[in-house]
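Trainee:
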Amino acid sequence: MEEIMHRTAACRMFIAALLLALTGNTLLVQAAENPGKQYRETLAVMQMLYGIEVRAAHRFQLFADRASAEGYANIAHLFKAIAISEAIHADHFKELIETLGAKTATIDLSSIKAASTDENLNYASTTELAEISNQYPRYISRITPERHTQAIEYVQFAWHAEKHHRKLIEKVKSRTSRLFNKLLASFGANQSRYYVNRNCGTTVAELPESDCPVCHFPLDSYMEITRP
Numbered sequence: 117m118e119e120i121m122h123r124t125a126a127c128r129m130f131i132a133a134l135l136l137a138l139t140g141n142t143l144l145v146q147a148a149e150n151p152g153k154q155y156r157e158t159l160a161v162m163q164m165l166y167g168i169e170v171r172a173a174h175r176f177q178l179f180a181d182r183a184s185a186e187g188y189a190n191i192a193h194l195f196k197a198i199a200i201s202e203a204i205h206a207d208h209f210k211e212l213i214e215t216l217g218a219k220t221a222t223i224d225l226s227s228i229k230a231a232s233t234d235e236n237l238n239y240a241s242t243t244e245l246a247e248i249s250n251q252y253p254r255y256i257s258r259i260t261p262e263r264h265t266q267a268i269e270y271v272q273f274a275w276h277a278e279k280h281h282r283k284l285i286e287k288v289k290s291r292t293s294r295l296f297n298k299l300l301a302s303f304g305a306n307q308s309r310y311y312v313n314r315n316c317g318t319t320v321a322e323l324p325e326s327d328c329p330v331c332h333f334p335l336d337s338y339m340e341i342t343r344p
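One rule links them: number in my numbering = place in the sequence shown (from 1) + 116.
What follows is the structure in structure tokens.
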């Protein structure tokens, strides 16, 4: 009788363990099949940032086209470099969205226009400053609790790139803040050079001495942007 009771208890324990294992495996499978459920906030931020970066890339390309049309080759060169940087970030966020099992939305670009080059520089400076001071720190704080390492890294890449964009834009503005056309023509006499890191989107006018200071990829991860 005692032996039967032991066997019954052992059988119950085995069944319980089996059910627990099956349940656990089911949860793991569900998590693997629906990663977006585990990273709801991260996915929401990635969708938002994807739209922002796609619009930014398009806007800066329009700015580059306008600067070229107005004869400001160096300003067009800067805007083109920034547009390429923003496109790299958009690709990063698209990749993450798809990894999390979602699709990117179609971004409406019809309302984005370019003004004069002077106005475009002012707009770019104001926008970049707002992103650095307000938006990106909030995005990072929103996704950090979910601990998606790649997402956090990509947002930090974009944040650091915006800082570099601001420095480059402010450098140009400091040379052209008064008597815009005269000083801008003088600035255009010097051939500009811009480089964008293929991995993190960092944009610089001079290559660093060693690895990229943001993503630490080697110097060959930078591409020189051709003049428009």
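For glycine and all other residues, C-beta sits at the position ideal for the given N, C-alpha and C.
(1) Are the Cβ atoms of Arg309 and Val161 separated by less than 8 Å?
(2) Looking at the unbroken alpha helix (DSSP H) that takes in Thr170, where does it start and where does it end?
(3) May I ask you to report which of helix, strand or coil DSSP gives Tyr310?
(4) Would you kindly work out how many angstroms separate the C-alpha atoms of Gln272 and Ala197, rounded to a whole number?
(5) On the DSSP bridge list, what partners appear for Val320?
(6) Express the C-alpha separation of Glu322 and Glu340 in angstroms, rounding to a whole number.
(7) Using C-beta distances below 6 Å, list every residue in its chain close to Val170, excluding the 5 sequence neighbours before and after it, in chain order.
(8) Quick one: what does DSSP say Tyr188 is sitting in, helix, strand or coil?
(9) Would you report the Cα separation of Glu202 and Arg156, rounded to the nearest angstrom?
(10) Report buried or exposed for Ala237, applying the criterion of at least 16 other Cβ atoms within 10 angstroms of its Cβ.
(11) What does a CB cutoff of less than 8 Å around His281 pick up in its chain, not counting 5 residues either side in sequence?
(12) Identify whether Val145 lies in helix, strand or coil by the three-state DSSP scheme.
(13) In this structure, how does DSSP classify Glu325 when only helix, strand and coil are distinguished?
Mentor: In this structure, then:
(1) The answer is no: Cβ separation not under 8 Å.
(2) The amino acid occupying residue 170 in the given sequence is Val; Thr does not appear at that position. Arg156 to Ala185 is the extent of the alpha helix (DSSP H) around Val170.
(3) coil
(4) 19 Å
(5) Tyr311
(6) 10 Å
(7) Hits under 6 Å: Ala206 and Ile223.
(8) Tyr188 carries a coil assignment under DSSP once its states are collapsed to helix, strand and coil.
(9) 24 Å
(10) Contrary to the premise, residue 237 reads as Leu rather than Ala in this sequence. It is buried - the Cβ of Leu237 has at least 16 other Cβ atoms within 10 Å.
(11) Ile198, Ser201, Ala240, Glu244 and Thr319
(12) Reliability of the predicted coordinates at Val145 is poor, the pLDDT of 41 falling under 50, and the value obtained from them is presented with this limitation in mind. In the structure shown, Val145 sits in a helix (DSSP, three-state: H, G or I).
(13) coil
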